[in-house]
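Engineer:
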Amino acid sequence: MTGVDHEALVAMLDRLKLTAIRDQLDTLLDEAARSDMTLREALAFLVRREIARRDERRIAMASKIAQFPFVRELDGFEFDAQPSLDPRQIRELATCRWIAHGDMVLFLGPPGTGKTHLAVALGREAIRQTYSVQFVTAATLVAMLAKAHDDGVLDKQLTILARPKLLIIDELGYLPFEANAAHLFFQLVSRRYERGSILITSNRSVGEWGSVFGDAVVATAILDRLLHHSTVITIRGDSYRLREKRRSGLLQKAGSALETEGATKQ
Ligand SMILES: Nc1ncnc2c1ncn2[C@@H]1O[C@H](COP(=O)(O)OP(=O)(O)O)[C@@H](O)[C@H]1O
Ligand SMILES: [Mg+2]
2 MTGVDHEALV AMLDRLKLTA IRDQLDTLLD EAARSDMTLR EALAFLVRRE
52 IARRDERRIA MASKIAQFPF VRELDGFEFD AQPSLDPRQI RELATCRWIA
102 HGDMVLFLGP PGTGKTHLAV ALGREAIRQT YSVQFVTAAT LVAMLAKAHD
152 DGVLDKQLTI LARPKLLIID ELGYLPFEAN AAHLFFQLVS RRYERGSILI
202 TSNRSVGEWG SVFGDAVVAT AILDRLLHHS TVITIRGDSY RLREKRRSGL
252 LQKAGSALET EGATKQ
């Protein structure tokens, strides 16, 4: 670094907004010198640091915008605990090819079987691959649409909800929809159809969606669009939470009233 003033170098990095390199300048240069890098290797080493920092920030910011309810990754998912799932199928989804094509994904299964975990983990994967993601519960979504409709701004709201490349709608079916809500939901699905992906989690099988939407005709129209280019993953088995509790001895084996968590246990 002979002839190059440290302050001047920092000022230049600052000007180029290379803040990761700027903040760790001495450490990085020492490391490059220690490991006998060529100039080309050293430059790649520094630039990689800068890119890593930017990716980290971008992912943090996009995850905040996505409004995930919690942080979950695929790495933290125990496939052994959920034998009804094919890990290869989930890994295929993690490539995000389906998002590139604007396809749909449905995770169906009883509560506590990891549907939201997988939805969030896939959402984060999508963000890593620079897709925009929005997470919303079905109840919140329907309330948003109903309010927009009442306020005469439904079209604007639908445009906003059509923007993210992946829309995750969690917990469809926990609450039955009102008749108008089913129509609003249909409009959303139509607006996004073949443009942007939707990932839906539901504790109800598609056969029960007629009663969820309170209207068999609308439910069929919604399913028609959702299932056209889709992957449907049905999870069977016990709630992971209860399994953990049972393991730690807090719950007796089988037969507990809590066991079904109010769900359709299979
Ligand atoms: N197979 C699994 N491996 C690791 N954690 C799991 C698994 N299944 C569920 N969990 C955890 O159990 C909790 C409940 O799972 P969640 O995804 O919310 O279930 P669901 O949405 O199906 O009701 C979450 O904290 C989740 O991370
Ligand atoms: Mg859930």
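The number in my numbering is simply the position in the sequence shown, starting from 1, with 1 added.
Beta carbons: idealized from backbone N, C-alpha and C, even for Gly.
Between the C-alpha atoms of Gly263 and Thr114, what's the straight-line distance to the nearest angstrom?
Structural biologist: With a pLDDT of only 42 at Gly263, under 50, the local geometry of the prediction cannot be trusted, and the value read off the model is given with reservation. So the two alpha carbons sit approximately 13 Å from each other.
Engineer: Output the distance between the C-alpha atoms of Thr160 and Ala139, rounded to the nearest integer angstrom.
Structural biologist: 17 Å
Engineer: Evaluate the contact criterion for the stretch 95–103 versus the stretch 24–32: three or more CB pairs, one atom per stretch, below 8 Å.
Structural biologist: Taking a cut-off of 8 Å for Cβ pairs, the stretch 95–103 and the stretch 24–32 do not touch, as fewer than three such pairs fall below it.
Engineer: Nearest to Ile199 by alpha carbon, out of Asp81, Val106 and Glu8?
Structural biologist: Val106
Engineer: Once the 5 residues before and after Gly256 are set aside, which same chain residues still bring their CB inside 7 Å of it?
Structural biologist: Because the pLDDT of Gly256 is 46, which lies under 50, any placement of that residue in the model is unreliable, and the number read from its coordinates should be weighed accordingly. Beyond the five residues adjoining it in sequence on each side, Gly256 comes within less than 7 Å, by CB distance, of no other residue in the same chain.
Engineer: DSSP has Phe80 in a bridge; who is on the other side?
Structural biologist: Answer is none; Phe80 lacks a bridge partner.
Engineer: Would you say the beta carbon of Lys116 comes nearer than 6 Å to a heavy atom of ligand 2?
Structural biologist: yes
Engineer: How many Å lie between Thr265 and Arg205 at the Cα?
Structural biologist: Low local confidence applies: a pLDDT of 40 at Thr265 is under 50, so the model's placement there is unreliable, with the coordinate-based value given in what follows. Take the alpha-carbon of Thr265 and the one of Arg205: they are about 8 Å apart.
Engineer: Touching or not, the stretch 205–221 and the stretch 171–184, by the rule of three or more beta carbon pairs under 8 Å?
Structural biologist: Yes, since at least three Cβ pairs between the stretch 205–221 and the stretch 171–184 fall closer than 8 Å, the two stretches touch.
Engineer: Helix, strand or coil for Thr39? Go by DSSP, reduced to three states.
Structural biologist: Three-state result, Thr39: coil.
Engineer: Considering only the alpha carbon of each residue, which of Asp225, Arg41 and Ala147 lies closest to Glu195?
Structural biologist: The shortest C-alpha separation from Glu195 is found at Asp225.
Engineer: Tell me which residues share the same chain as Phe78 and place their Cβ nearer than 8 Å to its Cβ, disregarding the 5 neighbours each side in the sequence.
Structural biologist: Ile91, Gly115, His118, Leu119 and Ala122
Engineer: Which residues in the same chain have their Cβ closer than 8 Å to the Cβ of Arg248, if we skip the five residues on either side of it in sequence?
Structural biologist: none
Engineer: By the 10 Å Cβ neighbour count, where 16 or more other Cβ atoms means buried, how is Ser85 classified, buried or exposed?
Structural biologist: exposed
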